[in-house]
Structures are given as structure tokens and as C-alpha cells.
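Quick note, the working numbering runs 1 ahead of the 1-based positions in the sequence shown.
Glycine included, each C-beta is placed from N, C-alpha and C at the ideal position.
No experiment lies behind these values; they were computed from the predicted model shown.
Structure record follows, encoded as C-alpha cells.
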Amino acid sequence: MKKPVARVAQLHELLHDHSHRYYVLDNPSISDAEYDDMFRELQSLEAQFPDLQTPDSPTQRVGAPPLDGFDSVQHAIPMLSLGNAFSQDELNEFDRRVRERLEREGDEVIYVAEPKLDGLAISLRYEHGVFVQGATRGDGRSGENVTENLRTIEMIPLKLRTASPPAVFEARGEVFMSHDAFKSLNASMQASGKPAFVNPRNAAAGSLRQLDSRKTAQRRLSINLYGLGEVIGMDLPPTQMDALHLLAAYGFPVNNDIQRCDGIEACFDFYQTMGQRRPELGYDIDGVVFKVDSISEQRELGFVSRAPRWAIAQKFPAEEAQTLIESVEFQVGRTGALTPVARLQPVFVGGVTVSNATLHNMDEIERKDIRVGDTVIVRRAGDVIPEVARVVKYKRKHGARKIKLPQHCPVCGNPVQIREGEVKARCTGGLRCAAQVREAIKHFASRRAMDIDGLGDKLVEQLADAELINSVADLYTLDVEAVKAMPRMGEISANNLIKAIDTSRRTTLARFLFGLGIRDIGESGAALLASHFGSLEAVMAADESALTSIDDIGPIAADSVQTFFANADNRAVVDALLAAGVEFPTTETMQVGTLLSGNTYVLTGTLTVFTRDQAKQKLQLLGAKVSGSVSGKTTAVFAGDSPGSKVTKAESLGVPVLDEAALLELIGPVE
Ligand code: IVH
2 MKKPVARVAQ LHELLHDHSH RYYVLDNPSI SDAEYDDMFR ELQSLEAQFP
52 DLQTPDSPTQ RVGAPPLDGF DSVQHAIPML SLGNAFSQDE LNEFDRRVRE
102 RLEREGDEVI YVAEPKLDGL AISLRYEHGV FVQGATRGDG RSGENVTENL
152 RTIEMIPLKL RTASPPAVFE ARGEVFMSHD AFKSLNASMQ ASGKPAFVNP
202 RNAAAGSLRQ LDSRKTAQRR LSINLYGLGE VIGMDLPPTQ MDALHLLAAY
252 GFPVNNDIQR CDGIEACFDF YQTMGQRRPE LGYDIDGVVF KVDSISEQRE
302 LGFVSRAPRW AIAQKFPAEE AQTLIESVEF QVGRTGALTP VARLQPVFVG
352 GVTVSNATLH NMDEIERKDI RVGDTVIVRR AGDVIPEVAR VVKYKRKHGA
402 RKIKLPQHCP VCGNPVQIRE GEVKARCTGG LRCAAQVREA IKHFASRRAM
452 DIDGLGDKLV EQLADAELIN SVADLYTLDV EAVKAMPRMG EISANNLIKA
502 IDTSRRTTLA RFLFGLGIRD IGESGAALLA SHFGSLEAVM AADESALTSI
552 DDIGPIAADS VQTFFANADN RAVVDALLAA GVEFPTTETM QVGTLLSGNT
602 YVLTGTLTVF TRDQAKQKLQ LLGAKVSGSV SGKTTAVFAG DSPGSKVTKA
652 ESLGVPVLDE AALLELIGPV E
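Spelled out as C-alpha cells, the structure:
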């Protein structure tokens with residue numbers, strides 16, 4: 002038999018077309034039986050001629066063999082989050098800021114109003130029109146590679162519906178689960194004795210993060226696309242509305258309720274209408290999103306930290322329910338802060354069962370006059386921790402007890418103190434307090450700090466329970482045998498963890514400082530200290546005026562740094578870490594901003610002499626900016642092995658692309 006190349010191509014086209022009509026347009030033109038016949042014909046041809054089976058074939062939606070874990074994917078353009086407005090005033094304030102920045106105070110701005118789907122954000126990447134990669138949002142800069150799972154979602158086109166696709170096209174949107182799909186999934190979970198999912202969002206997240214994509218294929222996930230990521234080889238649409246039309250034309254499902262709104266009044270009307278229609282939508286939304294329509298205006302407005310200035314989410318009011326406070330406990334956090342937590346009679350609020358709620362601090366308890374035994378209103382808004390909003394006073398019983406701040410830490414017994422001018426009570430036990438130590442270890446191991454892969458919160462708890470780790474430095478004394486003894490820990494995972502711990506020894510000063518968990522020193526504060534002082538010794542020796550000479554380090558943060566290093570326990574931990582071989586490149590104390598100031602570089606591909614982080618840090622030390630994406634402002638791109646599309650983009654913009662040797666020449670080797 003001659004290879005049926007043409008027939009296979011024709012079946013691809015027909016099946017793609019009919020599934021688009023069925024799943025995206027909700028308007029099928031053939032019967033299910035006719036579809037099934039064509040599908041089986043294609044399956045049988047692929048079985049006879051395996052080389053005709055391509056990843057974009059309609060037969061490839063059934064799922065692939067299970068993975069060991071998800072790879073991480075760097076987003077070429079970061080996936081941002083959104084600022085929130087909780088009232089009409091806050092929305093008006095957003096509009097005022099937009100108009101002020103655009104210098105069109107007298108004018109109405111055109112917005113696009115979209116339902117805010119309550120699912121999880123993903124990015125779909127197409128190269129030359131073919132779906133090649135799908136990733137979760139992750140921390141916005143990098144997410145998990147869930148390509149195989151996304152491929153099983155019928156609403157996602159495996160090929161763009163265009164004859165002339167651009168070289169690269171990234172579509173961004175939300176994966177979610179409809180109420181119908183959620184109900185039937187939970188019914189079948191319960192029928193097979195498995196725990197039900199608490200809400201559609203958790204069900205969607207759980208389904209998308211299955212290592213076995215054949216399981217994902219059985220969950221009826223939905224998706225709506227609402228934005229673009231990296232696009233190479235075509236002009237960007239001039240407005241958000243045009244982008245949505247383009248997405249629809251390429252075969253993506255776009256939400257039906259999206260509307261153009263001229264001016265902020267129209268936006269507020271949209272918010273109210275959607276609020277009323279919410280119960281009948283058939284899927285969860287937790288608010289609406291407003292985006293400035295014009296892309297050039299979006300560019301002009303830019304970003305603040307991780308959120309665009311050109312968009313805002315207006316959330317629906319938090320959901321509330323009534324229940325009883327059974328007791329109050331005090332939890333001890335990483336910095337020793339004691340947080341009062343109410344143990345509640347379990348109650349269903351906003352889609353989940355809540356049995357704990359934060360009382361924030363003693364001032365709040367006083368202000369709201371909350372007592373143990375009170376009937377209270379519990380409130381839950383989106384992802385935030387449930388809180389006790391108010392007491393239903395007329396239901397107060399005689400025995401309702403006042404809540405007292407313990408004099409001693411419930412975990413370590415050291416005295417509890419409230420600092421002058423603060424509302425939070427803190428345990429003074431520092432690193433002698435087991436609760437603080439555990440939180441400190443979790444923070445130390447986390448991705449943005451020492452990045453110890455595989456050391457999650459649960460494992461830290463288990464290792465601490467087994468008294469294998471009593472300080473962050475103890476991590477470096479762990480061996481495979483000890484780790485293997487933990488529940489559900491196999492040989493391979495134990496080995497991998499020990500390897501990851503070992504790898505974390507070679508880090509950067511910025512990560513190390515951040516990992517120490519110094520109060521008031523976040524990720525960017527740590528980076529500033531590192532680049533300003535160059536070495537740990539210099540940071541430790543710095544006095545207040547040296548510390549506050551850095552822009553963005555104020556007297557409070559400076560005091561926290563000094564207090565941290567003045568504490569003998571903390572110094573002992575630092576010494577133990579250094580003795581365990583933790584190291585970071587030390588550069589001579591130098592003024593940042595000398596040699597390369599004003600230059601912006603992009604690093605891509607695998608470097609051999611340094612890691613990308615090391616190169617980034619050195620460039621920054623020399624005063625350069627290092628960016629994650631290429632633009633007209635990029636000075637040069639340094640490309641290592643197997644670089645991605647950033648090189649193509651640089652070339653299209655006329656930005657020089659240099660190799661690692663040139664980088665080495667510029668910044669010298671890592672000491
Ligand atoms: S736009 C640049 N549009 O909300 C802005 N986000 O709070 C990026 N979301 O991570 C997001 N519906 O998971 C946008 N129509 C919509 C959305 C939406 C839901 C989610 C998304 C994002 C989060 C931000």
C-alpha cells in the first residue's frame with residue numbers, strides 16, 4: 002500500500018475542523034458517529050504507518066505515558082498578576098491614575114472588560130503554527146511544563162487555524178472546570194472511595210498537574226484565552242480587542258461575555274451585571290478584569306513590580322458564613338510573630354469548608370471584641386486566609402471567654418514581647434524556638450532562596466519531627482540513609498534531595514542573604530546588599546549609615562540587618578553554613594554602576610563557564626541591567642548552547658547576539 006500521506010493530512014484537517022466546531026464554537030455540523038468513523042480511520046492509518054503519526058495529530062489527545070516530574074519552563078515574557086480593586090472608589094482611583102499617566106485627564110479611556118475566571122493561568126506556545134509547549138504560570142518567570150496534559154484538552158487547537166502562522170505565537174489564558182464537569186468528577190471520585198475536590202479550581206489544578214496525562218484526558222477541563230505572550234514574525238494587534246479576535250480566528254476559545262467599555266462608568270456597570278449573572282454562568286468567576294484596550298497605551302503605562310498599570314481586577318465581595326469559635330490557638334511564624342487562630346466549627350464558605358480563621362493580632366481581637374464561644378461571621382475572599390469578620394453579638398453566651406495573649410511562646414516557652422509601636426506579639430526565642438526554626442528552614446530551602454529542589458514544607462516538618470534538622474545548617478549534614486527513612490521517601494528521591502542540597506552549596510550572596518530570613522530584608526533588599534557590599538563580611542560589618550546609604554534600605558531594615566548579625570545564635574548558624582561549604586562568589590567591594598551602567602543584557606541558552614545566575618549577578622555588579630526579554634532597548638544578547646527564540650527576536654530587532662566567550666571577556670571568570 003502506498004503511504005496515505007494525503008489522506009492523513011485530509012483527516013487531520015477534517016477532525017481539527019469538526020472538533021473546533023464542537024468544542025469551541027459549540028456548533029457541530031456532523032454526527033458523533035461520523036466523527037468517530039474518521040477518527041478510527043486515522044488511528045488505523047497511523048498504526049500501519051507510524052511515521053505519519055505527528056504530535057499535532059487529533060489522535061494525540063488521549064494522553065502520553067506518565068512522567069517522573071514536570072520540567073521547568075522559563076517564560077520568554079513574564080506572566081504577570083493583577084492589582085485588585087474592592088470598591089467602586091478603588092476602581093475610579095485606578096481610572097484616574099491611568100488617565101493621569103496618559104495625560105488625558107478630560108478624556109474617557111477605552112477598556113476591555115472580561116470575566117475573571119477562577120482557574121489557573123497557562124501559556125500555550127506555537128512554533129510555525131504547531132502547538133509545541135504549554136506551561137503553568139508558576140512564579141510568573143518560570144512555570145511547569147504541562148504540554149502533554151494540555152494537549153488532551155480538546156478546546157486547545159493543536160495547530161493554529163491559519164495558512165500563514167507566525168514563527169512564534171504564545172497564547173495565554175485560564176484553564177478551569179465547569180460546574181457540570183466538577184460535579185460529575187466528584188461523583189465518580191466518591192463512588193470509587195476517593196476524596197472529593199473542594200472546589201472547581203482545585204479540581205482543575207489537580208487535573209492539570211497529573212503526571213499521567215491519560216488521567217488529565219479523562220477530566221473535562223475547559224480553557225479560555227485572554228492574552229498574548231511572546232510573538233515573533235508578525236505585528237502585534239493594536240488593541241486588546243483585536244488580540245482577542247485574533248485568538249478566536251486562530252481557533253482558540255475566547256470568553257463570550259467580554260465587552261468593550263468606553264470609560265470607567267461602563268466598566269462598573271459590567272461588574273454589576275456580571276455579579277448578578279454569576280450564579281447562572283456554569284463556571285466560577287471571582288471578579289472581572291478591566292484592561293486598557295490600546296496596546297500602545299498599555300506600553301506607555303508599563304508595570305509596577307509584577308502587575309501591569311494598565312489592568313485591574315475588581316473582585317466580588319468576599320463570601321461570608323456564620324459559625325462558632327471553639328478555641329483560639331497562637332501560631333508562631335518564621336520571624337516569631339504570634340498569630341491568633343480561631344478553631345471553628347467547620348462551615349462551608351465560598352466553595353470550601355473552613356475550620357480555621359485568622360484573628361490577625363491582639364489589637365484586632367480587641368477592636369472586634371472576639372471571645373471564645375462567640376458566634377461569628379467568617380469571611381473568605383479568593384485565595385486569602387479566611388478571617389473572622391465580626392461577632393454576632395446578640396448570640397453571645399454567658400460563658401464566652403476573653404482571649405489572652407500568652408506570656409510565653411506556646412512552642413518554646415521563651416517570653417513573648419510586643420515591640421514599641423508594633424501590633425504583633427513575638428516570641429523572643431529566635432532560632433532556639435522550634436517553630437521559628439522550621440519556618441526558617443522552609444524559607445531557606447525555597448525557590449527564590451537556596452532553591453533546594455524536592456525539599457518541600459512537609460518534608461521539612463518530617464525531618465524536624467525526626468530531630469534530624471534543628472537549624473538550616475543541619476541540612477548539610479543529612480545523608481541518603483537518614484532521608485530514606487522518612488515516610489513515602491524512596492531511594493531515588495532521597496538521592497536527588499541530597500544532590501540538590503549539595504548543589505545549593507554553590508549559591509550567590511544575594512540568595513544566601515535572602516535565605517537567612519532577616520526581618521525586613523526581602524529578595525530585592527538582599528540583592529541590593531549583595532551588590533553594594535560584595536561580600537558577607539562587609540554586610541556583617543556594615544553600620545547603620547553604611548546600610549542606609551543604599552537607596553531603598555531604610556533605618557528599619559538597617560536595624561534588622563544589624564540586629565540579626567549581632568545575635569550570637571544567628572552568627573553561629575552562619576558560621577556553620579560556611580563550615581558546611583556554602584559558598585558564593587565574593588567580589589571586591591565596589592560601587593555598582595561603574596563599568597556597564599546604562600547597558601541592558603539578556604542571557605539565554607546554557608552557559609558552560611558560569612550558571613546564568615552567576616553571570617547575571619556579575620553583570621549587575623558591574624552596573625548593568627539584566628532583563629528576561631529582548632526589546633529595542635537591549636544592548637546585547639549573550640547566547641549559550643541551544644538558545645531559544647530570544648536570539649531570533651534579537652536578530653529581528655537588530656540587537657547584537659554574542660557568545661559566551663564574549664561574555665567571559667566582558668565580566669571575567671567567576672572567582
Ligand atoms: S490578565 C497582565 N485576564 O487572574 C495581566 N487574568 O490575578 C495578566 N485571570 O494570573 C492576567 N481571568 O490566572 C487576565 N480575563 C483575565 C483573567 C485573568 C482570570 C487570572 C489569571 C491571572 C490572575 C491575576
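Tell me whether the beta-carbon of residue 444 lies closer than 7 Å to the beta-carbon of residue 335. Counting from 1 along the sequence shown, the entry for residue 444 is found at position 443. Counting from 1 along the sequence shown, the entry for residue 335 is found at position 334. In this structure, residue 335 lies closer than 7 Å to residue 444 by Cβ.
Flag residue 680 as yes when its Cβ comes closer than 6 Å to any non-hydrogen atom of the ligand IVH, and as no otherwise. The structure shown does not extend to residue 680, since the chain is modelled only from 2 through 672, so no value can be given for it.
With DSSP as the reference, please indicate the residues paired to residue 634 in a beta bridge. Mapped onto the sequence shown, residue 634 falls at position 633. DSSP, once it has assigned bridges, lists no residue as partnering residue 634.
Between which residues of its own chain and residue 402 is the CB-CB distance below 7 Å, once the five residues before and five after are set aside? For the purposes of this step, residue 402 is taken as the residue at position 401 of the sequence shown. Taken in chain order, the residues that qualify are 372, 373 and 374.
Measuring CA to CA, which of 470, 473 and 493 is closest to residue 481? Translated into positions along the sequence shown, residue 481 becomes position 480. The shortest Cα separation from residue 481 among 470, 473 and 493 belongs to 493.
Under three-state DSSP, which class holds residue 466? Along the sequence shown, one-based indexing puts residue 466 at 465. It is helical.
Taking only heavy atoms of the ligand IVH into account, decide whether any of them is closer than 6 Å to the Cβ of residue 82. The count along the sequence shown starts at 1 and reaches residue 82 at position 81. Yes, the ligand IVH has a heavy atom inside 6 Å of this Cβ.
Residue 395 by DSSP, collapsed to three states: which one? By 1-based counting over the sequence shown, the position of residue 395 is 394. In the three-state scheme derived from DSSP, where H, G and I count as helix and E and B as strand, residue 395 is classed as helix.
Pop quiz: residue 123 and residue 64 are said to be a contact at Cβ under 8 Å. What is the actual Cβ separation, rounded to whole angstroms? What you label residue 123 is simply residue 122 of the sequence shown in a count that begins at 1. What you label residue 64 is simply residue 63 of the sequence shown in a count that begins at 1. The Cβ separation is near 17 Å, so there is no contact.
How big is the Cα-Cα spacing for residue 533 and residue 77? As a working mapping, residue 533 is identified with position 532 in the sequence shown. As a working mapping, residue 77 is identified with position 76 in the sequence shown. Using only the alpha carbons, I get a separation of about 29 Å.
Residue 85 - containing beta strand (DSSP E), residue span: Numbered from its first residue, the sequence shown carries residue 85 at position 84. It spans 84-86 - the beta strand (DSSP E) in which residue 85 sits, taken as one unbroken run.
Span of the alpha helix (DSSP H) holding residue 436? On the sequence shown, residue 436 is found 435 positions in, with the first residue counted as 1. Here the alpha helix (DSSP H) through residue 436 covers 435-446.
Helix, strand or coil for residue 304 per DSSP? Indexing the sequence shown from 1 puts residue 304 at position 303. Here residue 304 sits in strand by DSSP.
Below 8 Å on the Cβ atoms is my contact criterion, and I expect residue 446 with residue 574 to pass it. Report the Cβ-Cβ distance as a whole number of Å. For the purposes of this step, residue 446 is identified with residue 445 of the sequence shown, where counting begins at 1. For the purposes of this step, residue 574 is identified with residue 573 of the sequence shown, where counting begins at 1. In this structure residue 446 is not in contact with residue 574, their Cβ atoms being roughly 14 Å apart against a cut-off of 8 Å.
Are at least three pairs of beta-carbons, each pair with one atom in the stretch 106-117 and one in the stretch 26-35, less than 8 Å apart? no
Hey, which unbroken runs of the beta strand (DSSP E) at 3 residues or more fall wholly within the stretch 317-404? 320-333, 338-350, 353-359, 376-381 and 388-392
Continuous beta strand (DSSP E) stretch holding residue 116: start and end: The residue you call residue 116 lines up with position 115 of the sequence shown. Residue 116 -> beta strand (DSSP E) spans 111-118.
Of the choices 57, 303 and 645, whose alpha-carbon is the least far from that of residue 14? For this step, residue 14 is matched to residue 13 along the sequence shown. Among 57, 303 and 645, the Cα nearest to that of residue 14 belongs to 57.
How do the stretch 122-141 and the stretch 186-203 stand: do at least 3 beta-carbon pairs fall below 8 Å, yes or no? Counting Cβ pairs under 8 Å, fewer than three are found: no touch.
Helix or strand or just coil, what does DSSP make of residue 511? Here residue 511 refers to the residue found at position 510 of the sequence shown. Helix, per DSSP.
Any heavy atom of the ligand IVH closer than 6 Å to the Cβ of residue 127? One-based indexing of the sequence shown puts residue 127 at position 126. No, Cβ of residue 127 sits at least 6 Å from all heavy atoms of the ligand IVH.
Whole-angstrom distance between residue 550 and residue 322, CA atom to CA atom: Taking the sequence shown and counting its residues from 1, the one referred to as residue 322 is at position 321. Taking the sequence shown and counting its residues from 1, the one referred to as residue 550 is at position 549. Approximately 50 Å between the Cα atoms of the pair.
Rounded to whole angstroms, what is the Cα-Cα separation between residue 448 and residue 398? For this step, residue 448 is matched to residue 447 along the sequence shown. For this step, residue 398 is matched to residue 397 along the sequence shown. Their backbone Cα atoms lie some 48 Å apart in a straight line.
Within the continuous alpha helix (DSSP H) that includes residue 293, where are the two ends? By 1-based counting over the sequence shown, the position of residue 293 is 292. Element bounds for residue 293: not the alpha helix (DSSP H) but the beta strand (DSSP E), 286-293.
What is the DSSP secondary structure of residue 592, counted as helix, strand or coil? In the sequence shown, counting from the first residue as 1, residue 592 sits at position 591. Legend: pLDDT at residue 592 = 48, less than 50; position of this residue unreliable, value from coordinates given subsequently. Three-state result, residue 592: coil.
Report yes or no: do three or more beta-carbon pairs, one from the stretch 44-62 and one from the stretch 145-160, lie closer than 8 Å? yes
Is the stretch 88-105 close to the stretch 289-309, with three or more CB pairs under 8 Å? yes
Which term fits residue 394, buried or exposed, when burial requires 16 or more other beta carbons within 10 angstroms of its beta carbon? By one-based count along the sequence shown, residue 394 stands at place 393. Exposed.
Once the 5 residues before and after residue 12 are set aside, which same chain residues still bring their CB inside 7 Å of it? Locating residue 12 in the sequence shown gives position 11, where the first residue counts as 1. Result list for residue 12: 39, 42 and 43, in chain order.
Taking only three categories from DSSP, how would you classify residue 673? With the chain represented from 2 up to 672, any question about residue 673 goes unanswered, as that position is not in the structure.
Output needed for residue 608: all residues of its chain with C-beta closer than 7 Å, excluding positions within five of it in sequence on either side, in chain order. Numbered from 1 along the sequence shown, position 607 holds the residue referred to as residue 608. Excluding positions up to five away in sequence, the list reads 616, 641 and 661.
Could you give the DSSP three-state label for residue 668: helix, strand or coil? One-based indexing of the sequence shown puts residue 668 at position 667. Three-state result, residue 668: helix.
C-alpha gap between residue 219 and residue 181, whole angstroms: Position 218 of the sequence shown, counted from the start, is the residue given in the question as residue 219. Position 180 of the sequence shown, counted from the start, is the residue given in the question as residue 181. For residue 219 and residue 181, the distance between alpha carbons rounds to 14 Å.
Excluding the 5 residues flanking residue 528 on each side, which residues of the same chain have their C-beta closer than 7 Å to its C-beta? By 1-based counting over the sequence shown, the position of residue 528 is 527. For residue 528, where only same-chain residues beyond five positions count, the Cβ hits under 7 Å are 511.
With distances taken from CA atoms, which of 317, 486 and 86 is nearest residue 468? For the purposes of this step, residue 468 is identified with residue 467 of the sequence shown, where counting begins at 1. It is 486 whose Cα lies nearest to the Cα of residue 468.
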